[in-house]
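Chains as they are written, first to last, in our numbering: chain Y, 99 to 472; chain E, -19 to 332.
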């Protein structure tokens, strides 16, 4: 009997989703669109920085420094401004993102071991890339400086004494796409589960079908199960689809087990669907439901989960807030499974946190729903 | 009942009810307060199986609140409601399989087809397989929707939707049906057709409780309860209700100056009260009043205009207006009345 009723609700919901082109579009195409945008366009690597050089020295040393910049692969030499006004123009027109100014006597000072400095003018209109440029330049100059110091002391250029041999594991080319795919899964799951679920329940309240359904001997359990099951399946399919597409387009290495992935996504989805239901018990109109969903799930998932901004660089207060953002834990697990091939048991802490979230929200939602239903 | 073998298996207490004609609905001293507002105030009535019971009242009088309590959606503040032999306040879930409910909003899924709606509502009442197929065919036939199974419900006109909503409410063959203003926004022809369906339903033994504010529709009901400001103002058959005018003849007066005629009539000692009915004026005469002709002559001489008048049978509207005027609006009454009470008080403060 319960099965008949649950199935009736689930089939009805699925038919409504299929009939509603707009929702369908959001559920199916937005994930694909985001994947392409984030995969191809959104790139946090800074490369090919247009560099202007004003070389007032024109010595072997100054040319060496300039080639060190260009040969690093991060900088493209674009212009040679003759005077400060030309530098201004270069930066203003955005022809150059940075200008390196080498003083006269640079070579002589450097070779004789006297401290000297070069100036780097950076366009700070994009703070993120400016910071990266500074980082690159500091590294290059430090290496060059070590070389001169050694030459001055020993007399021959054998290279620096201390070097770093970086080995980047799991994502050796440091491609953003690989890093973003797990975040994208969390984001899509949150979108379909929380937003769609809360909207679909609140819509029934608005239209009045909810009251009609409550007149039936249905009970909240088959109603909730039937209502959320379609979104659960769609979200799961969406998540699997994202991984598959990323594997094809971005060579995402799916190193872990699919079963582990599905298990982790399912756990996350239970919490998210429960959260959607909880919102629907609070909101009376679709507009309010959407606003609440946006503020409590969509934005935190985007901003406070470590999806785009690293949690460790947030202010202490915000770091505390991230502890109640389920996506934070989910991302750790997902990245572990997809990029590292780690087994689920390693993430018992994160999985525990996700379970606690799911249980608490599910409890709250059913409590409120039960009170409203009878 | 259209399907007796099916009914015998739903519950034992209905079999008992057949031997002892128990009421299908038994409301005893039902009250519901929302804060300090009393929406339903000590309402008692019974509805027998096969009876069409009309619930009349203006908007906000407490009709829908009463229905919601009888259906188990709202707990009564006090009093009990026994529906289909079950105490609704105690066990609302057990009442639900025995009742059908259709509201003024015809709450169907507009983005689903006719057929998909039927299958859904059948499903949540636990119907499946052959039983669902049989009931589906019945509803399509009854609503005249054969051939339109795959039409989007939202594209149907009011009459079709109304009949489909009724069909969805009785898919599970409930012995009790609640109709909350079922004819709102539907054309007169569809309304007539709808009432024929209700008649058929009641003849098969189903108890029907219907709320309406169309007084002409109330004539279809076997018995009528008039509810005013949450209180039961009158209860009885149409004839019984009209009986309150026994000894107080009603004169219908037609004149080219109805407003003036009304004013003059109001001032006559033999007239108890007047009210406007379209272009005519109904004047209720006091029992002691002289004959109609005397009143007519007096009136036409005073307003200097030919007057036509005749004794008329009281209509339900007369009854309703009479009851509404008689019931003093208490402090906690519908918004309109509450405003009427508070307005003079405000005036006094503004104009000393």
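From the three backbone atoms N, C-alpha and C, an ideal C-beta is built for every residue, glycine too.
For the 8 Å CB-CB criterion, residue 98 of chain E and residue 116 of chain E form a contact. The beta-carbon of residue 96 of chain E is placed less than 8 Å from the nearest beta-carbon of chain Y.
In the three-state reduction of the DSSP assignment, residue 153 of chain E falls in the coil class. Nearest to residue 149 of chain E by C-alpha distance, out of E:77, E:303, E:42 and E:52, is E:77.
Using a CB distance below 9 Å, no part of the segment 160 to 191 of chain E faces chain Y. For a Cβ distance threshold of 7 Å, residue set 104 of chain E lies close to residue 107 of chain Y, ordered along the chain. In the DSSP assignment, residue 187 of chain E falls within the beta strand (DSSP E) that extends over 187 to 192. Think of a sphere of 8 Å around the beta carbon of residue 307 of chain Y: the chain E residues whose beta carbon falls inside it are 87, 88 and 89, in chain order.
A direct Cα-to-Cα measurement between residue 214 of chain E and residue 298 of chain Y gives close to 43 Å. Annotated three-state conformation of residue 166 of chain E is coil, per DSSP.
The C-alpha of residue 261 of chain Y lies about 46 Å from the C-alpha of residue 394 of chain Y.
The beta carbon of residue 76 of chain E sits closer than 8 Å to some beta carbon of chain Y. Using a Cβ-Cβ cut-off of 8 Å, residue 100 of chain E counts as an interface residue toward chain Y, since at least one Cβ of chain Y sits closer than that to its own. The beta carbon of residue 19 of chain E lies closer than 8 Å to those of 12, 13, 42, 45 and 210 in the same chain, with the five residues before and after it left out.
Close partners of residue 316 of chain Y in chain E (Cβ separation under 7 Å): 104. Linking residue 63 of chain E to residue 397 of chain Y through their CA atoms gives a straight-line distance of about 49 Å.
Between residue 212 of chain E and residue 23 of chain E, the gap from beta carbon to beta carbon is short of 8 Å.
Within chain Y, the residues placing a beta-carbon under 8 Å from that of residue 53 of chain E are 309, 312 and 313, ordered along the chain. In the DSSP secondary-structure assignment, residue 61 of chain E is bridged to E:7. When DSSP states are grouped into helix, strand and coil, residue 22 of chain E belongs to the strand group. Per DSSP, the unbroken beta strand (DSSP E) holding residue 288 of chain E starts and ends at 288 to 292.
Taken through DSSP and simplified to helix, strand or coil, residue 122 of chain E comes out as helix.
For residue 438 of chain Y, there is no enclosing beta strand (DSSP E), as DSSP marks it with neither H nor E. The three-state reading of DSSP puts residue 346 of chain Y in helix, counting H, G and I together. Under the three-state reduction of DSSP output, residue 134 of chain E falls in the helix class. Counting of Cβ neighbours within 10 angstroms places residue 240 of chain Y among the exposed residues, the total staying below 16. The three-state reading of DSSP puts residue 32 of chain E in strand, counting E and B together. Setting aside the 5 residues that flank it on each side, residue 208 of chain E is surrounded in the same chain by 37, 41, 303, 304 and 307, each with a C-beta closer than 7 Å to its C-beta; the list follows chain order. Exposed is the label assigned to residue 222 of chain Y, since fewer than 16 other Cβ atoms lie within 10 Å of its Cβ. Residues of chain E whose Cβ lies closer than 7 Å to the Cβ of residue 303 of chain Y do not exist; the shortest such Cβ separation is about 11 Å.
Linking residue 300 of chain E to residue 253 of chain E through their CA atoms gives a straight-line distance of about 14 Å.
The alpha helix (DSSP H) runs of length 4 or more contained entirely in the segment 294 to 320 of chain Y are, from start to end of the chain, 295 to 305 and 307 to 312. In the structure shown, residue 161 of chain Y adopts helical secondary structure according to DSSP, grouped into three states. Around residue 105 of chain Y, the same chain offers 324 as residues with beta carbons nearer than 8 Å, after the five sequence neighbours per side are excluded. In the three-state reduction of the DSSP assignment, residue 83 of chain E falls in the coil class, being assigned neither a helical nor a strand state. The alpha-carbon separation between residue 369 of chain Y and residue 319 of chain Y amounts to approximately 16 Å.
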